[in-house]
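*Asks:* Let me give you the structure first, and then I'll get to my questions.
There are 2 protein chains.
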Amino acid sequence: MSKVTLKDISKILGISTSTVSKALKNYSDINVETKLKVQELAKKLNFTPNAFAQSLRSRETKIIGILVPELVHHFFSNVIDGAIHEAEKHGYLVIVLQTHECYEDEIKQLKLLVDKNIDGILLSLSDKTVKYDHIKNIIDEGMPVVLFDKITHLIDCPKVIINDRKAAFSATEHLIKTGCKKIAHITGPLKPKTTIDRFMGYKIALETYNMPFDKSLIYTSENLFFEDGYRLAGQMMAEHPDIDGVFAFIDLVAIGVLKGLREQKIKVPKQVAVIGFSNWLMSKTTTPSLTTIDQPGYDMGKQAFQLLLKNLNQKREGKVFTSEIVEIPTRVVVRKSTNAIIDNS
Amino acid sequence: MSKVTLKDISKILGISTSTVSKALKNYSDINVETKLKVQELAKKLNFTPNAFAQSLRSRETKIIGILVPELVHHFFSNVIDGAIHEAEKHGYLVIVLQTHECYEDEIKQLKLLVDKNIDGILLSLSDKTVKYDHIKNIIDEGMPVVLFDKITHLIDCPKVIINDRKAAFSATEHLIKTGCKKIAHITGPLKPKTTIDRFMGYKIALETYNMPFDKSLIYTSENLFFEDGYRLAGQMMAEHPDIDGVFAFIDLVAIGVLKGLREQKIKVPKQVAVIGFSNWLMSKTTTPSLTTIDQPGYDMGKQAFQLLLKNLNQKREGKVFTSEIVEIPTRVVVRKSTNAIIDNS
DNA sequence: TTGAAAGCGCTAACAG
DNA sequence: CTGTTAGCGCTTTCAA
Numbered sequence: 001m002s003k004v005t006l007k008d009i010s011k012i013l014g015i016s017t018s019t020v021s022k023a024l025k026n027y028s029d030i031n032v033e034t035k036l037k038v039q040e041l042a043k044k045l046n047f048t049p050n051a052f053a054q055s056l057r058s059r060e061t062k063i064i065g066i067l068v069p070e071l072v073h074h075f076f077s078n079v080i081d082g083a084i085h086e087a088e089k090h091g092y093l094v095i096v097l098q099t100h101e102c103y104e105d106e107i108k109q110l111k112l113l114v115d116k117n118i119d120g121i122l123l124s125l126s127d128k129t130v131k132y133d134h135i136k137n138i139i140d141e142g143m144p145v146v147l148f149d150k151i152t153h154l155i156d157c158p159k160v161i162i163n164d165r166k167a168a169f170s171a172t173e174h175l176i177k178t179g180c181k182k183i184a185h186i187t188g189p190l191k192p193k194t195t196i197d198r199f200m201g202y203k204i205a206l207e208t209y210n211m212p213f214d215k216s217l218i219y220t221s222e223n224l225f226f227e228d229g230y231r232l233a234g235q236m237m238a239e240h241p242d243i244d245g246v247f248a249f250i251d252l253v254a255i256g257v258l259k260g261l262r263e264q265k266i267k268v269p270k271q272v273a274v275i276g277f278s279n280w281l282m283s284k285t286t287t288p289s290l291t292t293i294d295q296p297g298y299d300m301g302k303q304a305f306q307l308l309l310k311n312l313n314q315k316r317e318g319k320v321f322t323s324e325i326v327e328i329p330t331r332v333v334v335r336k337s338t339n340a341i342i343d344n345s
Numbered sequence: 001m002s003k004v005t006l007k008d009i010s011k012i013l014g015i016s017t018s019t020v021s022k023a024l025k026n027y028s029d030i031n032v033e034t035k036l037k038v039q040e041l042a043k044k045l046n047f048t049p050n051a052f053a054q055s056l057r058s059r060e061t062k063i064i065g066i067l068v069p070e071l072v073h074h075f076f077s078n079v080i081d082g083a084i085h086e087a088e089k090h091g092y093l094v095i096v097l098q099t100h101e102c103y104e105d106e107i108k109q110l111k112l113l114v115d116k117n118i119d120g121i122l123l124s125l126s127d128k129t130v131k132y133d134h135i136k137n138i139i140d141e142g143m144p145v146v147l148f149d150k151i152t153h154l155i156d157c158p159k160v161i162i163n164d165r166k167a168a169f170s171a172t173e174h175l176i177k178t179g180c181k182k183i184a185h186i187t188g189p190l191k192p193k194t195t196i197d198r199f200m201g202y203k204i205a206l207e208t209y210n211m212p213f214d215k216s217l218i219y220t221s222e223n224l225f226f227e228d229g230y231r232l233a234g235q236m237m238a239e240h241p242d243i244d245g246v247f248a249f250i251d252l253v254a255i256g257v258l259k260g261l262r263e264q265k266i267k268v269p270k271q272v273a274v275i276g277f278s279n280w281l282m283s284k285t286t287t288p289s290l291t292t293i294d295q296p297g298y299d300m301g302k303q304a305f306q307l308l309l310k311n312l313n314q315k316r317e318g319k320v321f322t323s324e325i326v327e328i329p330t331r332v333v334v335r336k337s338t339n340a341i342i343d344n345s
């Protein structure tokens, strides 16, 4: 704990605290010798300014908050990683909080952050959140907020997203281009908008390539678990033995499918190709390794902080916030669970 | 941003700020009616005290820091999860920072935290850290620090650990009790003490069960990657075709081994049993699912915060800190990559 | 039962 | 070039 204050230094040197303060900040109107004396002593005494006192004056904490549904999650921990790095570069520290997909917790955690007078908030909505007043209020009161990943367009603020629809389109397209004729889709619970977007991407891809859309090829994983994929793989092949491609909306479920298929002695990708979504660490460890959509969490966190910083600067200059939307590109990571691209050229 | 201050309230009600302050804190020497009036208005105006001003007086932030080698890591993100939860219960927020296993970063990040005047620090050492002065200094200056997982006994402070040696012993013992006669061990780089402890546990288990220790059965994964395990599985079986058990010091490498063995058409667990360490999410998704040691990160984070809190209280009461050491129990999670226990009864 | 005053540590406007 | 003064918002004596 730094106990040395400006006062201590000023007493020792027999000068005023304001001179010390200015000397330490290299103000141009201070004698060079005085500056040196002060700076030297400050270093010797290991002086560090009291952060509260500074914050109390400047109304800035150099702390931001990030609120995610779940921290123990490959994607979100990557986002946080990116946000922390970028924040650090600009001298900000990051408080991390979770909602556990609970609306009440979202409200509560946001209040904690606001009450701490932190400078801004990075937020990914919980699946349960269907009203946005608690967030709008915070923004109205002047707190810079940037939404990422799980967003809503009903809130007017900067946002960082991936284009789930486009990404799902590429995933499905990849299956089609590698020869799949009958492609099943495993989707998730209705709520997070991302799930629906992925479904839409799948559907549009089929339409684009003049393939029939068959509702019975849509399966639902309720809890996003590995076990769901495992179970659905069985059901799927029983109901539609001629399926030759599966697009699962999330890697963990896709990996369950892989395991389910293997137990049924179904060759992947020869008989059935499988593609996931997220590019979790484990997707390259499976046999066969999983083709998937890379969802660049680190970049998202980084960009989210950058948008927040822009807001912070705008706020400092008294300008109105811009509600920019940044879209992070995704890509198909081709591994062994899908066939090689058929060259049509 | 809460803009309402005690002053605002006092003006409106025509009383002094000190009265308002006391009324809000329910001091016994304030007229009940005044209290009610104040509290009502405060609620109406949505008053929340300015956190810096409070901190400036009380020297407490109700913020702690947690510094881990890597956030995107199943174990550490669980620790952080546990710490955040426990902290929140007691009204603390948590700033998260990473060292990326870099000594200089460890020093830098600790300084950032100390300079922010946070109340305490939860710390897991980087592998590169071999000198501890930067940490001792912080502790000496009165900052409560709790070490967890990657610790050193050269620092006198509370610690939370698992007993890596004991856990590795159980892992090896499990292989022995399920019939393995020739057990290889994959270890990691020398530095994190945990690696050596796991190796020791392996060795002691062999001794305990009167099995020969063969140096050539020890393989090293330099970078803790999946690919290492994959490669080593090949090397191992080429050099010792009669190996019937493998204990890998970390799940990711064990999963690489599983894949390597499968490609060599070696049956797991029939011909070779495999056990990992950590119980990562993915270890239950492999085929066969991986038997492993559960390393309870969540509990560790929770306990670490509790120790810190204890310290904080001791500090407030002017007492000397106790340097308690809490050992979190681990257990073998039996899955399909090892044989069933042979009942000797 | 209430309020005046002091002070936590820092900064900035202003005066000298 | 340097110092005085005032104040950020809150808490806590101490006096009334």
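Protein sequences appear in the order of chains Z and B. Residues in the first sequence are numbered consecutively from 1, following the UniProt record's numbering. Residues in the second sequence are numbered consecutively from 1, following the UniProt record's numbering. Glycine residues also receive a C-beta, built at the ideal position from the N, C-alpha and C atoms.
Give a yes or no on whether the minimum CB-CB distance between residue 53/B and chain Z is below 8 Å.
*Replies:* Within the second sequence, residue 53/B is the residue found at index 53, counting from 1. Judged by the 8 Å Cβ criterion, residue 53/B is in contact with chain Z.
*Asks:* Please confirm if residue 7/Z has its CB atom under 8 Å from at least one CB of chain B.
*Replies:* Here residue 7/Z refers to the residue found at position 7 of the first sequence. No, its Cβ sits nowhere closer than 8 Å to a Cβ of chain B.
*Asks:* Give me the Cα-Cα distance between residue 196/Z and residue 110/Z, rounded to the nearest whole angstrom.
*Replies:* Locating residue 196/Z in the first sequence gives position 196, where the first residue counts as 1. Locating residue 110/Z in the first sequence gives position 110, where the first residue counts as 1. Each residue's Cα considered, the two are about 27 Å apart.
*Asks:* For residue 1/Z, collect the residues of the same chain with a Cβ closer than 6 Å to its Cβ; drop the 5 residues on either side in sequence, then sort them by chain order.
*Replies:* For the purposes of this step, residue 1/Z is identified with residue 1 of the first sequence, where counting begins at 1. Note that residue 1/Z has pLDDT 49, beneath the 50 cutoff, so the model's placement of it is unreliable and the number below is only indicative. Its chain contains no residue whose beta carbon lies nearer than 6 Å to that of residue 1/Z once the 5 sequence neighbours on both sides are disregarded.
*Asks:* At the 8 Å Cβ level, is residue 200/Z part of the contact set with chain B, yes or no?
*Replies:* The residue you call residue 200/Z lines up with position 200 of the first sequence. No - not a single Cβ of chain B is within 8 Å of the one on residue 200/Z.
*Asks:* Excluding the 5 residues preceding and the 5 following residue 132/Z in the sequence, name in chain order all residues of the same chain whose CB lies nearer than 8 Å to its CB.
*Replies:* Here residue 132/Z refers to the residue found at position 132 when the first sequence is read from its first residue. So the list reads 152, 154 and 155, once near-sequence residues are dropped.
*Asks:* Using a Cβ-Cβ distance cut-off of 8 Å, determine whether residue 322/Z contacts chain B.
*Replies:* Working through the first sequence from its first residue, we reach residue 322/Z at position 322. It does not: the Cβ of residue 322/Z has no partner Cβ on chain B nearer than 8 Å.
*Asks:* Under 8 Å Cβ-Cβ, which residues of chain Z neighbour residue 78/B?
*Replies:* For the purposes of this step, residue 78/B is taken as residue 78 along the second sequence, with counting starting at 1. Near residue 78/B (Cβ distances below 8 Å), the residues of chain Z are 72.
*Asks:* Determine the contact status of residue 312/Z and residue 144/Z, defining contact as a CB-CB distance below 8 Å.
*Replies:* Taking the first sequence and counting its residues from 1, one reaches residue 312/Z at position 312. Taking the first sequence and counting its residues from 1, one reaches residue 144/Z at position 144. For residue 312/Z and residue 144/Z, yes; Cβs fall inside 8 Å.
*Asks:* Which same chain residues, not among the five before or five after residue 165/B, have their C-beta less than 6 Å away from its C-beta?
*Replies:* Looking up residue 165/B in the second sequence gives position 165. Non-local beta-carbon contacts of residue 165/B in its own chain, meaning distances under 6 Å to residues more than five positions away in sequence, involve 197, 200 and 201 in chain order.
*Asks:* Can you find a CB in chain Z that lies within less than 8 Å of the CB of residue 237/B?
*Replies:* Against the second sequence, residue 237/B aligns to sequence position 237. It does not; no Cβ of chain Z falls within 8 Å.
*Asks:* Are there 16 or more other CB atoms within 10 angstroms of the CB of residue 19/Z, so buried, or fewer, so exposed?
*Replies:* Residue numbering aside, residue 19/Z sits at position 19 when the first sequence is read from its first letter. It counts as buried.
*Asks:* Please name the residue in 333/B, 289/B, 299/B and 319/B whose C-alpha comes closest to that of residue 76/B.
*Replies:* The residue labelled residue 76/B in the question sits at position 76 within the second sequence. Comparing Cα positions, the closest option is 299/B.
*Asks:* Are the C-beta of residue 115/Z and some C-beta of chain B separated by less than 8 Å?
*Replies:* Here residue 115/Z corresponds to residue number 115 of the first sequence, with the count starting at 1. Cβ-Cβ to chain B under 8 Å: yes for residue 115/Z.
*Asks:* Grab me the residues of residue 295/B's own chain with a C-beta within less than 8 Å of its C-beta, minus the 5 sequence neighbours each way, in chain order.
*Replies:* For the purposes of this step, residue 295/B is identified with residue 295 of the second sequence, where counting begins at 1. Around residue 295/B: 75, 162, 167, 277, 278, 279 and 330.
*Asks:* Would you list, in chain order, the members of the stretch 223 to 254 of chain Z that have their beta-carbon closer than 7 Å to a beta-carbon of chain B?
*Replies:* 226
*Asks:* I need the DSSP call for residue 216/B, collapsed to helix, strand or coil.
*Replies:* In the second sequence, residue 216/B corresponds to position 216, counting from 1. Residue 216/B: helix per DSSP, three-state reduction.
*Asks:* Starting from residue 79/Z, trace the beta strand (DSSP E) both ways and give me its first and last residue.
*Replies:* Within the first sequence, residue 79/Z is the residue found at index 79, counting from 1. Looking at the DSSP string, residue 79/Z is not in any beta strand (DSSP E); the run it does join, the alpha helix (DSSP H), is 74 to 89.
*Asks:* Out of 215/B, 287/B and 246/B, point me to the one whose CA is closest to residue 178/B's CA.
*Replies:* Position 178 of the second sequence, counted from the start, is the residue given in the question as residue 178/B. Taking the Cα of residue 178/B as reference, the smallest distance to any Cα among 215/B, 287/B and 246/B is reached at 246/B.
*Asks:* Do residue 120/B and residue 97/B count as a contact pair if the criterion is CB distance below 8 Å?
*Replies:* Working through the second sequence from its first residue, we reach residue 97/B at position 97. Working through the second sequence from its first residue, we reach residue 120/B at position 120. Contact: no.
*Asks:* Give the straight-line distance between the Cα atoms of residue 53/Z and residue 50/B, rounded to the nearest whole angstrom.
*Replies:* In the first sequence, counting from the first residue as 1, residue 53/Z sits at position 53. In the second sequence, counting from the first residue as 1, residue 50/B sits at position 50. Going by the C-alpha atoms only, they are around 12 Å apart.
*Asks:* Looking at the secondary structure, which residues open and close the alpha helix (DSSP H) in which residue 331/Z lies?
*Replies:* In the first sequence, the residue the question calls residue 331/Z occupies position 331. Residue 331/Z -> not in any alpha helix (DSSP H); beta strand (DSSP E) instead, spanning 331 to 333.
*Asks:* Where does residue 167/B fall in DSSP's three states?
*Replies:* Against the second sequence, residue 167/B aligns to sequence position 167. Here residue 167/B sits in helix by DSSP.
*Asks:* Run down chain B in chain order and give the residues with a C-beta less than 7 Å from the C-beta of residue 48/Z.
*Replies:* The residue given as residue 48/Z occupies position 48 in the first sequence. Simply 115.
*Asks:* Would you mind sorting residue 58/B into buried or exposed? The rule is 16 or more other CB atoms within 10 Å of its CB.
*Replies:* Position 58 of the second sequence, counted from the first residue, corresponds to residue 58/B. Exposed, because fewer than 16 other Cβ atoms sit within 10 Å of the Cβ of residue 58/B.
*Asks:* Measuring alpha carbon to alpha carbon, tell me which residue in 188/B, 283/B, 15/B and 104/B is nearest residue 130/B.
*Replies:* What you label residue 130/B is simply residue 130 of the second sequence in a count that begins at 1. It is 104/B whose Cα lies nearest to the Cα of residue 130/B.
*Asks:* Mind the definition here: the stretch 31 to 45 of chain B touches the stretch 83 to 92 of chain B only if three or more C-beta pairs lie below 8 Å; say whether that holds.
*Replies:* Counting Cβ pairs under 8 Å, fewer than three are found: no touch.
*Asks:* Is there a Cβ of chain B sitting closer than 8 Å to that of residue 156/Z, yes or no?
*Replies:* Taking the first residue of the first sequence as position 1, residue 156/Z is located at position 156. No, residue 156/Z does not count as interfacial toward chain B.
*Asks:* Look up residue 172/B in the DSSP assignment and say whether it is helix, strand or coil.
*Replies:* In the second sequence, counting from the first residue as 1, residue 172/B sits at position 172. If DSSP states are grouped into helix, strand and coil, residue 172/B belongs with the helices.
*Asks:* Grab me the residues of residue 128/B's own chain with a C-beta within less than 7 Å of its C-beta, minus the 5 sequence neighbours each way, in chain order.
*Replies:* By 1-based counting over the second sequence, the position of residue 128/B is 128. Answer for residue 128/B: 101, 102 and 103, listed in chain order.
*Asks:* Apply the 10 Å Cβ neighbour rule to residue 304/Z and answer buried if 16 or more other Cβ atoms are within range, or exposed otherwise.
*Replies:* Here residue 304/Z corresponds to residue number 304 of the first sequence, with the count starting at 1. So residue 304/Z counts as buried.
*Asks:* Looking at chain Z, is there any beta carbon in it that lies within less than 8 Å of the beta carbon of residue 96/B?
*Replies:* To locate residue 96/B, count along the second sequence from 1; it is residue 96. Answer yes: the Cβ-Cβ gap between residue 96/B and chain Z drops below 8 Å somewhere.
*Asks:* Quick check on DSSP: helix, strand or coil for residue 345/B?
*Replies:* Mapped onto the second sequence, residue 345/B falls at position 345. Residue placement at residue 345/B is poorly supported in this model, since its pLDDT is 49, which falls under 50; the coordinates still yield a value, given next. The answer is coil: DSSP assigns residue 345/B none of H, G, I, E or B.
*Asks:* Are three or more beta carbon pairs between the stretch 175 to 191 of chain Z and the stretch 280 to 288 of chain Z nearer than 8 Å?
*Replies:* no
*Asks:* Pick out whichever of 11/Z, 306/Z and 265/Z has its Cα sitting closest to the Cα of residue 37/Z.
*Replies:* On the first sequence, residue 37/Z is found 37 positions in, with the first residue counted as 1. Among 11/Z, 306/Z and 265/Z, the Cα nearest to that of residue 37/Z belongs to 11/Z.
*Asks:* Check each candidate in 85/Z, 55/Z, 3/Z and 181/Z and name the one with the smallest Cα separation from residue 48/Z.
*Replies:* Residue numbering aside, residue 48/Z sits at position 48 when the first sequence is read from its first letter. Among 85/Z, 55/Z, 3/Z and 181/Z, the Cα nearest to that of residue 48/Z is on 3/Z.
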